[in-house]
Amino acid sequence: MPSTLPLGDPAPGDGVLPGQAADGAAGRGFSLYAHIPFCAVRCGYCDFNTYTATELGGGASQDAYAATAASEVTFAARAMQESGLPERKLATVFFGGGTPTLLPARDLVSVLRSATDAWGVSQDAEITTEANPDSVSQDSLRELADGGFTRVSFGMQSAVPHVLRVLDRTHDPARVPQAIEWARTAGLKVSVDLIYGTPGESELDWATSVRTALSYQPDHISAYSLIVEDGTKLAAQIRRGQVPGIEDDDHAAKYTLADALFQAAGLAWYEVSNWARTPEDACRHNLAYWHGDDWWGIGPGAHSHIGGVRWWNVKHPTAYAGRLARGQSPAAGRETLNAETREMERIMLLTRLSGGIQVDSLSAGARHAMAQLIADELIDARAAFAGRLQLTLRGRLLADAVVRRLLPD
Amino acid sequence: MYPTETSPGPVPVQQLGTPVSPMARTAPVPAATDPAIIRNFCIIAHIDHGKSTLADRMLQLTGAVQQRDMKAQYLDRMDIERERGITIKSQAVRVPWEMDGTAYCLNMIDTPGHVDFTYEVSRSLAACEGAILLVDAAQGIEAQTLANLYLAMENNMTIIPVLNKIDLPAAQPEKYAAEIANLIGGEPEDVLLVSGKTGMGVEALLDQIVRDIPPPVGDPAAPARAMIFDSVYDTYRGVVTYVRVVDGHLKPRERIQMMSTRATHELLEIGVSSPEPTVCQGLGVGEVGYLITGVKDVRQSKVGDTVTTLHKPAAQSLGGYQDPKPMVFSGLYPLDGTDYPVLRDALQKFTLNDAALVYEPETSAALGFGFRVGFLGLLHLEITRERLEREYNLDLISTAPNVEYEVTLEDKKVLTVTNPSEYPTGKIAEVREPMVAATILAPTEFVGAIMELCQQRRGVMGGMDYLSEDRVEIRYRLPLAEIVFDFFDLLKSKTRGYGSLDWKADGDQVSDLVKVDILLQGEQVDAFSAITHRDKAYAYGVMMTGKLRELIPRQQFEVPIQAAIGARIIARESIRAIRKDVLAKCYGGDITRKRKLLEKQKEGKKRMKMVGRVEVPQEAFIAALSSDESKDKSKK
Ligand SMILES: Nc1nc2c(ncn2[C@@H]2O[C@H](COP(=O)(O)OP(=O)(O)OP(=O)(O)O)[C@@H](O)[C@H]2O)c(=O)[nH]1
Ligand SMILES: C[S@@+](CC[C@H](N)C(=O)[O-])C[C@H]1O[C@@H](n2cnc3c(N)ncnc32)[C@H](O)[C@@H]1O
Ligand code: SF4
Ligand SMILES: [Mg+2]
């Protein structure tokens with residue numbers, strides 16, 4: 014069951030943005046997110062907006078998808094122009110899903126091409142696709158690299174067979190190093206995604222997964238704690254007692270363990286769930302989200318943000334394609350943030366980064382709250398003296414609590 | 008035909024108006040009724056023995072309520088009475104009855120059986136010459152049977168013993184008739200057998216009432232004197248005062264005077280309940296009815312007071328009547344602090360109807376502004392709270408109930424403590440706690456178990472009597488605090504449901520009492536303090552700290568929970584610090600969802616009460632304070 018969309022204001026059919034979107038846009042980066050809503054099977058824990066071929070009643074919509082997505086690019090470029098936004102080259106592009114690599118590499122490349130044709134792309138742009146280890150080949154990865162992709166993020170999740178089974182992951186663990194090798198040979202940077210805290214996963218299992226991932230020497234690792242989302246198969250299994258529930262303490266222990274192992278292997282955290290070999294290896298697309306940059310998200314259910322205006326597309330691929338075919342915006346709703354909500358989001362997002370927040374940008378109340386945060390060892394004292402609010406390891410684990418304490422009541 | 012002031016004497020039925028029922032074709036008219044044809048009685052019994060059901064049959068047989076309007080326990084009118092299937096307030100009804108060709112007027116009062124409402128029974132008795140002592144033929148005599156019988160005998164009432172529910176297969180009429188005869192004298196055969204369910208024997212009972220219960224006596228020529236036995240606030244009619252006329256008569260538009268305060272009011276309406284309010288031309292000697300004066304506060308029309316007339320006032324009031332004394336106290340707090348004024352107004356309205364309810368404002372560091380409210384017992388507390396919540400749309404927290412203590416300090420100063428947080432911290436010379444005289448009835452086989460329970464509850468045995476071969480009455484003197492909460496449930500479970508309990512206040516005694524405080528992170532939470540016997544302090548401490556450990560969510564730091572007597576810690580628990588509170592998931596561009604989650608968390612934080620730095624959800628307060636004992640206490 015794909016996650017539900019927020020409730021917002023209605024979005025106009027022509028996609029034109031409110032005036033505030035263009036304010037200061039020239040100083041902000043611009044990125045593109047492309048959502049590919051297809052998966053071979055649905056993993057029991059996943060509530061992303063993605064569909065299997067059976068759910069969509071055949072492969073037809075997958076075949077036509079690249080063209081549909083490209084048509085949103087055209088729509089977007091026009092709408093942005095009509096909204097008075099300056100011309101900006103793409104700083105980063107990210108293909109996410111779903112499983113983007115379920116589409117032929119040429120389809121992904123053609124969507125990318127339509128975007129670079131519409132906006133242009135900066136010299137050192139970061140262009141990533143997510144991939145499942147068993148949906149890539151040596152050839153497809155080469156084709157992606159040749160087509161302009163610079164980076165691939167593999168959904169490895171775990172190296173332990175019984176954990177992969179609980180997660181419904183179908184890939185053969187041996188496939189991961191292979192795929193990484195191909196990617197690297199093709200000249201792509203490599204990231205792997207891991208999940209910790211799966212029911213039945215011991216700390217030793219988790220250490221094994223982390224060590225295994227490190228042995229592949231990726232440039233970047235994302236480690237996510239398994240979230241039991243309402244409506245998923247996993248949630249039902251836990252409710253029925255078929256698999257054990259999730260323990261926050263277990264997550265905390267595993268996070269701490271992973272952070273230590275990553276650090277020992279030379280990867281540093283730059284966001285609560287992300288570690289990179291060098292600062293240049295940090296995922297710039299993700300950073301764009303945290304920094305509140307502008308991006309357009311194409312595809313069903315994709316979210317966009319430009320200058321304090323957030324919107325999201327209709328969820329179902331058929332409804333999405335239908336809107337675009339009629340020349341209408343695929344947006345389902347949007348919200349225009351006021352100064353207060355923008356500040357709230359700024360704190361919520363920046364707190365999670367290793368760079369943290371400039372103290373003098375904070376309200377008096379938030380600065381006042383910092384004293385107790387230091388006493389509770391949630392933020393780093395020395396950094397605070399130097400004018401930055403930065404989480405400690407303990408603070409990373411309690412980041413949401415830190416954010417709540419920084420916000421006004 | 009109009010009422011006259013001269014008494015017409017027994018009237019042959021044929022001469023009176025239209026037939027009202029097959030059984031009583033005529034009804035004597037109020038204000039014109041000869042005392043000789045009046046019978047005033049109440050139905051008294053242990054809880055659930057079928058008083059209200061028997062009253063139903065009487066309403067039906069006398070034609071007071073038409074077949075199509077009939078519903079079970081007709082006189083239980085309050086929603087809460089109907090939901091719980093118990094009577095809380097007495098109801099007086101005037102019904103006609105015909106015997107041997109003469110029309111009589113019966114004033115019947117259905118009373119509550121629950122021990123919390125015994126004062127309602129005493130009031131009702133004051134309006135009657137006789138009582139039907141109803142006993143469930145499958146249960147026999149129980150504790151409130153005895154208590155209510157005792158009240159009736161004290162008032163020199165004529166008692167008609169009746170076994171009810173004889174339709175039940177489990178009924179043992181011979182056995183219990185013998186038990187009753189043994190208790191009140193007379194022959195087992197004199198005990199009437201009825202079924203309130205089928206109506207069997209009810210006509211014979213009505214005849215018996217006419218034969219046995221003496222008519223009221225009074226002086227029709229003397230200055231008016233009427234006893235107020237109930238006073239009810241009604242939104243539409245103001246205060247409705249229920250009276251029983253002893254001497255003289257009352258008429259509409261007359262000025263009446265309350266003898267205790269000398270306050271005078273104009274009689275706007277005078278009537279009888281039959282059972283709907285029916286306006287009449289006055290009330291004469293022995294009659295029962297209601298008065299409306301436009302008064303808005305029941306305290307101006309006090310139960311027990313005597314009503315006379317201004318133009319011809321009586322010299323001597325009738326015997327007084329004592330207000331019931333609250334026995335159990337609890338703090339009532341609105342969950343939402345802004346509801347405080349609503350609660351205040353609601354309590355004020357409630358006291359209009361409920362002389363037993365007393366309250367005064369108090370504040371709690373943990374719960375904010377609220378009231379300390381005195382109740383007759385736990386059922387009274389529960390019902391009041393439920394009605395406040397329902398009728399005024401309030402969400403309330405009630406603190407753990409406690410009794411009233413008298414604390415003497417070393418400097419001889421005496422304090423009355425109804426709230427544990429007011430318990431003095433200084434040097435205490437002695438503490439007195441209220442005691443009760445309890446009567447327990449049960450089959451003999453349970454005597455051992457009952458004695459054990461009473462001993463654990465610091466009871467001292469007063470005596471034991473055999474009601475019959477296999478049933479005993481055991482009397483104990485016990486601290487009120489020991490019986491008012493879970494005692495009855497324990498008694499029931501130890502006697503497999505056969506034990507029954509009645510109690511009444513019985514002075515006080517010096518006891519070794521202490522105050523147990525509960526501390527969160529070293530900070531005292533006043534709402535959780537309790538006064539207990541020293542021997543039980545530890546158990547309370549362990550119970551409460553354990554409960555709170557389960558109820559309070561983990562915080563960003565470890566939270567010690569301690570129970571203490573003064574500075575001495577007697578129990579401790581701790582809530583481990585939460586270690587993870589961060590959404591560590593790829594949520595891509597859906598920042599909105601993340602922000603909404605944060606907003607919701609912040610909203611949730613607002614509903615937390617802060618105890619020092621500890622965030623305690625309101626639900627935790629409610630759950631910790633709703634002692635398991637006080638749950639589901641509707642029936643006693
Ligand atoms: N079988 C049978 N059940 C009866 C009879 N009379 C009453 N009951 C049942 O006994 C229960 C209690 O009846 P009530 O009339 O409410 O008893 P009560 O004495 O008025 O109770 P309180 O007012 O709460 O003290 C109900 O479920 C009645 O239906 C009877 O004659 N036969
Ligand atoms: C939406 S997936 C897309 C990439 C690809 N389909 C895959 O599964 O690897 C992106 C990442 O989100 C993470 N993810 C998905 N559902 C999650 C959940 N319920 N809890 C934690 N992480 C989750 C997985 O680690 C996954 O690699
Ligand atoms: S493959 Fe990835 S996107 Fe697809 S269902 Fe599994 S976790 Fe979700
Ligand atoms: Mg009743």
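One line per chain: the protein sequences are A and B, in this order. Under the numbering used here, residue 422 is the last one in the first sequence; the count climbs by one each step, no gaps. Under the numbering used here, residue 643 is the last one in the second sequence; the count climbs by one each step, no gaps. Heads up, the beta-carbon is just placed ideally off N, CA and C, and yes, glycines get one too.
By the Cβ neighbour-count rule, A:N287 is buried, with 16 or more other Cβ atoms within 10 Å of its own.
Chain order gives the chain A residues near B:Q608 as D413, R417, where near means a beta carbon separation below 8 Å.
At a cut-off of 7 Å, the beta-carbon of A:T142 does not count as near ligand 3: no heavy atom of the ligand is closer than that. When beta bridges are read from the DSSP output, B:Y240 appears opposite B:V246.
For the pair of segments examined, the region 173–183 of chain B was found to touch the region 133–149 of chain B: the number of CB pairs separated by less than 8 Å reaches three.
Linking A:V149 to A:V165 through their CA atoms gives a straight-line distance of about 11 Å.
In the three-state reduction of the DSSP assignment, A:H264 falls in the helix class, which pools H, G and I.
The CB of B:R600 comes closer than 7 Å to the CB of P19 in chain A, given here in chain order. In the three-state scheme derived from DSSP, where H, G and I count as helix and E and B as strand, B:R394 is classed as helix. Below the 7 Å Cβ cutoff, chain A contributes no neighbours of B:V421, its closest Cβ being approximately 45 Å away.
Distances between the C-beta of A:F61 and the heavy atoms of ligand 3 include at least one below 7 Å.
By the CB criterion at 8 Å, B:V102 and B:A71 fall inside the cutoff.
For B:S324, no alpha helix (DSSP H) encloses it, and the DSSP letter there is neither H nor E. Closest in C-alpha terms to A:R41, from the list A:A83, A:L270, A:E100, comes A:E100.
For B:S202, the CB stays at least 7 Å from every heavy atom of ligand 4.
Among the CB atoms of chain B, one or more fall inside 8 Å of the CB of A:W308. In its chain, beyond the 5 residues on either side, R379, V380, F382, L388, S405, T406, A407, P408, N409 have a beta carbon closer than 8 Å to the beta carbon of B:S337.
A:Q94 counts as exposed, since fewer than 16 other C-beta atoms from the protein chains shown sit within 10 angstroms of its C-beta. Residue pairing of B:P441 in beta bridges, as defined by DSSP: B:D515. Here B:S371 carries a strand assignment [DSSP, helix/strand/coil].
Put simply, the CB of A:L30 is far from chain B, with every gap to its CB atoms at 8 Å or more. Distance from the C-beta of B:H56 to the nearest heavy atom of ligand 1 is below 7 Å. A distance below 8 Å between beta-carbons, with the five flanking residues on each side excluded, links B:A270 to the following residues of its chain, in chain order: Q264, Q307. For A:V176 and B:K587, the gap between their C-alpha atoms comes out near 22 Å. Counting the other Cβ atoms within 10 Å of the Cβ of B:G504 gives fewer than 16, which makes it exposed.
With a cutoff of 7 Å, A:L239 counts as near ligand 2, since its C-beta is closer than that to a heavy atom of the ligand. In this structure, DSSP gives A:S123 a helical state, which the three-state scheme calls helix.
With respect to the 8 Å criterion, B:M334 and B:G384 are classified as neighbours on the basis of their beta carbons. By the neighbour-count definition (other C-beta atoms within 10 Å, threshold 16), A:H316 is a buried residue.
For B:G193, same chain residues with a beta-carbon under 6 Å away, outside a window of 5 residues either side, do not exist.
A:T221 and A:G57 have their C-alpha atoms some 22 Å from each other. Taken through DSSP and simplified to helix, strand or coil, B:Q215 comes out as helix.
Nearest to B:A578 by alpha-carbon distance, out of B:Y340, B:E273, B:M550, is B:M550. Assigned with DSSP and collapsed to three states, B:M266 falls in coil, not helix or strand. For A:Y229, the Cβ stays outside the 7 Å cut-off from all heavy atoms of ligand 2.
Bounds of the alpha helix (DSSP H) holding B:P180 are 180–191.
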